[in-house]
Ligand SMILES: CC(C)(COP(=O)(O)OP(=O)(O)OC[C@H]1O[C@@H](n2cnc3c(N)ncnc32)[C@H](O[C@H]2O[C@H](COP(=O)(O)OP(=O)(O)OP(=O)(O)O)[C@@H](O)[C@H]2O)[C@@H]1O)[C@@H](O)C(=O)NCCC(=O)NCCS
Ligand SMILES: Nc1ncnc2[nH]cnc12
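What follows is the structure in C-alpha cells.
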C-alpha cells in the first residue's frame, strides 16, 4: 500500500475514535455519567471537559494506528502502544487539568485501533480475538504500583472482570452490544439506549465498585436487566430506578461509557461481520 494511503488510514481511524468519544459524551440519557444535559455523579467534569479531552487524544490514536501498520500482534507492538497510551494519558490530564476523563477509553480504543491497523483485511470476530491476544501480553514498562489503581483494588477485593480483562478476553461486552446494531446503517437512539443498558447490566464496572460496593454494582446491574425486559425507554420505572441509584450512591459507570464508545466506533467502521 502507498505511504500516502497509510497516512490517510491512520488519520481516519484517529478521527473516528475521537468522534466516538464525543458521541458517547453527548449521548443522553446515561444514568450517573456526564452527558450534554447533565454532569451525572460528577462535580469535576462536564461536557466541555469531555470535548477537550477527546480532542487531546487525536494524536495518540493516530500514532497508535501508524505504528501498528507494519507490525504483527506481538509483545513488541503491545509495549509500543503501551508507551503511546501512557503519553495519551498525560495529554488527557493536561487537557483536563488533572481529571481522569478517558483513561479506560484510551486503553480500549488504543488496543482496537492497533489491531485494526495491523490486520488490514480482518473481519470483526478476528479483530476482537486479536485484540484479546494483544491486550494479554504483559507490558514490561508499566510502572503501576499495584495498590494505586481503583481497578486493581476492586479486582483484588472481589475478583471481578475489569478493563484489562475485558480487553484480554476480546471485548465480550462490546461484541454483545454490537450484535444488537450490526448490519444497520441507521441505528436509532432507542437502540443505542438498549446497548447502553446491556452494558450497565453486564459489565463489572470497577468505577462503580470504587464509589460504592460490589453489592450496589449487582443491584444496579439487576435494575438494568429489568429495563431490558421491554423496549428500553427513559420513562420506564426500571430506567428511572437506574437514575435514582446513580444519585443515591453517586456512582458513575465510566467503564460502560468507554465500551459504549468502542461499540459505536466499531459499528461505524463497517468492518466485515465474518
Ligand atoms: C490496563 C489499564 C486499563 C489499567 O487497568 P487498571 O485495572 O489498573 O484500571 P484503572 O486504572 O482502575 O482504570 C481502568 C479504567 O477503565 C475503565 N473501566 C472500569 N471498569 C471497566 C470494565 N469492567 N471494563 C472496561 N473498562 C472499565 C474506567 O475508565 C473510565 O472511567 C474513568 C473515570 O472514572 P471516575 O470514577 O469518574 O474518575 P476517577 O478519577 O477515576 O475516580 P473518582 O476519584 O472520581 O471516583 C475514565 O478513565 C473512563 O475512561 C477505569 O478508570 C490501562 O489503562 C493501562 O495499562 N494503561 C497503561 C497504558 C497502556 O498500556 N495502554 C495500552 C494501549 S493504549
Ligand atoms: N460520559 C462519561 N461520564 C463519566 N465518565 C466517563 N468516562 C467516559 N465517559 C464518561
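Residue numbers (the numbering used here): 1200 to 1473. Virtual Cβ for every residue (Gly too), placed ideally from N, Cα, C. These numbers come from a predicted model, not from an experiment.
Fill in: CB of residue 1366 within 8 angstroms of CB of residue 1350, strictly
In the chain shown, counting from the first residue as 1, residue 1366 sits at position 167. In the chain shown, counting from the first residue as 1, residue 1350 sits at position 151. Against a cut-off of 8 angstroms, the Cβ pair of residue 1350 and residue 1366 comes out as no contact.
Can you tell me which of 1258, 1390, 1243 puts its alpha carbon nearest to the alpha carbon of residue 1211? Translated into positions along the chain shown, residue 1211 becomes position 12. Taking each of 1258, 1390, 1243 in turn and checking the Cα distance to residue 1211, the smallest one comes out for 1258.
Exercise. Under the assumption that residue 1316 contacts residue 1209 (Cβ atoms under 8 angstroms), give the Cβ distance between them as a whole number of angstroms.
Key: Residue numbering aside, residue 1316 sits at position 117 when the chain shown is read from its first letter. Residue numbering aside, residue 1209 sits at position 10 when the chain shown is read from its first letter. Yes, residue 1316 and residue 1209 are in contact; Cβ-Cβ is about 7 angstroms, under 8 angstroms.
| query | Counting pairs of beta carbons, one from the segment 1286 to 1300 and one from the segment 1324 to 1342, are three or more of them closer than 8 angstroms? | reply | Contact between the segment 1286 to 1300 and the segment 1324 to 1342 is absent, because fewer than three Cβ pairs lie under 8 angstroms.
Is the beta carbon of residue 1426 closer than 8 angstroms to that of residue 1414?
By 1-based counting over the chain shown, the position of residue 1414 is 215. By 1-based counting over the chain shown, the position of residue 1426 is 227. One thing to note: residue 1414 has its Cβ no nearer than 8 angstroms to the Cβ of residue 1426.
**Report entry** Other residues of its chain near residue 1235: CB distance less than 7 angstroms, five sequence neighbours each side excluded
**Finding:** Reading the chain shown from its first residue, position 36 is the one you call residue 1235. Around residue 1235: 1225, 1227, 1246.
Self-check item: Beta-carbon gap between residue 1223 and residue 1399 smaller than 8 angstroms
Solution: Translated into positions along the chain shown, residue 1223 becomes position 24. Translated into positions along the chain shown, residue 1399 becomes position 200. If you check the CB distance, residue 1223 and residue 1399 do not come in under 8 angstroms.
Is residue 1214 near residue 1252, with beta carbons less than 8 angstroms apart?
Taking the first residue of the chain shown as position 1, residue 1214 is located at position 15. Taking the first residue of the chain shown as position 1, residue 1252 is located at position 53. For the pair residue 1214 and residue 1252, the CB atoms are not nearer than the 8 angstroms cut-off.
Limits of the alpha helix (DSSP H) - the one that residue 1257 falls within = To locate residue 1257, count along the chain shown from 1; it is residue 58. Segment 1257 to 1267, the alpha helix (DSSP H) holding residue 1257.
In chain order, which alpha helix (DSSP H) runs of at least 4 residues are fully inside the segment 1396 to 1436? Runs of the alpha helix (DSSP H) inside the segment 1396 to 1436: 1405 to 1410, 1413 to 1426.
Beta-carbon spacing of residue 1240, residue 1440 below 8 angstroms | Translated into the one-based positions of the chain shown, residue 1240 becomes position 41. Translated into the one-based positions of the chain shown, residue 1440 becomes position 241. With respect to the 8 angstroms criterion, residue 1240 and residue 1440 are not classified as neighbours on the basis of their beta carbons.
Within 8 angstroms, do at least three Cβ pairs link the segment 1377 to 1388 to the segment 1416 to 1423? Output reads no: the segment 1377 to 1388 does not touch the segment 1416 to 1423.
- Item | Proximity below 8 angstroms, CB of residue 1267 to CB of residue 1313 | Translated into the one-based positions of the chain shown, residue 1267 becomes position 68. Translated into the one-based positions of the chain shown, residue 1313 becomes position 114. For the 8 angstroms CB-CB criterion, residue 1267 and residue 1313 form a contact.
> Per DSSP, what kind of secondary structure is residue 1352 in: helix, strand or coil?
Replying inline: Working through the chain shown from its first residue, we reach residue 1352 at position 153. Residue 1352 falls in the helix class under three-state DSSP.
message = I'd like the ranges of any alpha helix (DSSP H) spanning at least 4 consecutive residues and lying wholly in the segment 1270 to 1343.
response = Within the segment 1270 to 1343, the complete alpha helix (DSSP H) segments of 4 residues or longer fall at 1274 to 1294, 1302 to 1317, 1323 to 1335, listed in chain order.
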